[in-house]
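In the working numbering, the protein residues as written are 1 to 292.
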């Protein structure tokens with residue numbers, strides 16, 4: 001199972017040097033990829049700029065927007081951004097898309113929260129046309145042409161059976177994120193994807209990417225709890241506190257056991273999302289994985 005790590009993008013006061021240190025450690029290994037998520041409301045840094053920086057600061061690892069909340073944006077602009085990132089990284093992009101669940105993010109960008117699932121289907125079709133160099137009605141060629149022929153692989157962050165079924169017609173795989181690293185939940189996502197891909201007549205099985213939140217900082221337990229609460233409080237503070245208290249991936253053995261259990265499911269790749277921007281988070285993770 002390949003292991004990736006998410007760059008921090010929510011903690012305040014992250015500096016250029018922080019990002020340089022994270023990118024250096026990740027690119028040295030034993031990681032396969034780095035990722036970054038997208039937030040608009042709630043204090044956060046902008047995903048596209050972070051990943052462009054990471055593409056320039058690394059040479060080896062895959063670069064993964066995880067995930068790009070596509071219906072909040074123009075399909076044409078997204079196609080240009082992603083193709084440009086593919087060029088900057090010399091063909092190392094794996095794109096992960098989804099519809100997100102934060103209506104306030106849509107509102108902040110002046111985008112409609114309605115019909116977002118259908119919009120994403122249509123946007124992917126448009127983006128693939130642009131990457132193939134096809135002309136859109138009444139427009140000149142858009143470009144640029146990504147290094148990966150036809151565009152980068154596309155994974156989808158989807159959870160419900162209806163969502164997984166509809167994306168099975170065009171996606172290359174599924175990103176099944178379990179906040180606490182619960183292997184049963186991740187297995188449910190993967191099994192749903194296998195079934196949906198088969199029902200859609202796809203010859204190739206879906207690429208399986210999982211993910212969970214973790215912390216290896218000095219104050220790992222409280223750092224993880226605080227991060228989860230901050231991330232989820234927009235959906236209700238009482239529920240966010242309850243969920244935050246259930247997090248266990250703040251202990252090296254728990255993380256190792258969780259990775260072993262998820263690998264046993266046939267997971268192709270996993271993204272580990274840190275609770276803080278402390279360099280110790282990724283440095284200790286790298287050392288832990290080297291001895292795994």
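Beta carbons are placed, not taken as given, at the ideal position from N, Cα and C, and that holds for glycine. Owing to the predicted nature of the structure, the values given are computational and were not obtained by experimental measurement.
Task: residue 213: first and last residue of the uninterrupted beta strand (DSSP E) it sits in - done: Residue mapping note: residue 213 aligns to position 213 of the chain shown, counting from 1. For residue 213, the enclosing beta strand (DSSP E) stretches over residues 207-214.
TODO: Use the C-beta contact count for residue 43: other C-beta atoms within 10 angstroms, 16 or more gives buried, fewer gives exposed.
DONE: Taking the first residue of the chain shown as position 1, residue 43 is located at position 43. Exposed, since its Cβ has fewer than 16 Cβ neighbours within 10 Å.
Task: Any non-hydrogen atom of the ligand GDP closer than 7 Å to residue 225 Cβ - done: Annotation note on the ligand GDP: not contained in the displayed structure, which lists no ligands.
- [ ] Could you say if the stretch 266-273 and the stretch 198-210 meet the contact criterion of at least three C-beta pairs nearer than 8 Å?
- [x] Yes, the stretch 266-273 touches the stretch 198-210.
Task: Cβ contact (3+ pairs, closer than 8 Å) linking the stretch 53-65 and the stretch 119-135 - done: Too few Cβ pairs lie closer than 8 Å, so no.
TODO: Reducing DSSP to helix, strand and coil, say where residue 274 ends up.
DONE: Here the question's residue 274 lines up with position 274 in the chain shown. The answer is strand: DSSP assigns residue 274 an E or B state.
Open item on the list: What would DSSP say about residue 113, mapped onto helix, strand or coil?
Closed with: On the chain shown, residue 113 is found 113 positions in, with the first residue counted as 1. Residue state, collapsed to three classes: coil.
Task: In chain order, each alpha helix (DSSP H) run of at least 4 residues that lies wholly inside the stretch 28-74 - done: For the stretch 28-74, whole alpha helix (DSSP H) runs of length 4 or above, ordered along the chain, are 47-57.
Open item on the list: Which same chain residues end up closer than 7 Å to residue 223 when comparing Cβ atoms and leaving out the 5 residues on each side of it in sequence?
Closed with: Within the chain shown, numbered from 1, the residue matching residue 223 stands at position 223. Answer for residue 223: 215, 217, 275 and 276, listed in chain order.
Task: Straight-line gap, residue 233 to residue 241 (C-alpha atoms, nearest Å) - done: Residue 233 sits at position 233 when you count from the first residue of the chain shown. Residue 241 sits at position 241 when you count from the first residue of the chain shown. Looking at the two C-alpha atoms, the distance is approximately 8 Å.
Open item on the list: With three or more C-beta pairs closer than 8 Å as the rule, is the stretch 126-138 touching the stretch 190-198?
Closed with: At 8 Å Cβ cutoff, the stretches do not touch.
TODO: Starting from the C-beta of residue 278, find all residues in its chain whose C-beta is less than 6 Å away, skip the five residues before and the five after it, and write them out in chain order.
DONE: Translated into positions along the chain shown, residue 278 becomes position 278. Closer than 6 Å at Cβ, skipping near neighbours: 217.
Open item on the list: Assess contact between the stretch 82-90 and the stretch 173-180, defined as three or more Cβ pairs (one per stretch) separated by less than 8 Å. Is contact present?
Closed with: Taking one beta carbon from each stretch, the stretch 82-90 and the stretch 173-180 have fewer than 3 pairs nearer than 8 Å; the two do not touch.
- [ ] List the whole-angstrom C-beta distance separating residue 71 from residue 148, where the pair is believed to meet the contact cut-off of C-beta under 8 Å.
- [x] For this step, residue 71 is matched to residue 71 along the chain shown. For this step, residue 148 is matched to residue 148 along the chain shown. About 23 Å; that fails the 8 Å criterion.
Open item on the list: Going by DSSP in three states, residue 98 sits in which element: helix, strand or coil?
Closed with: Taking the first residue of the chain shown as position 1, residue 98 is located at position 98. Looking at residue 98 - three-state DSSP - the assignment turns out to be strand.
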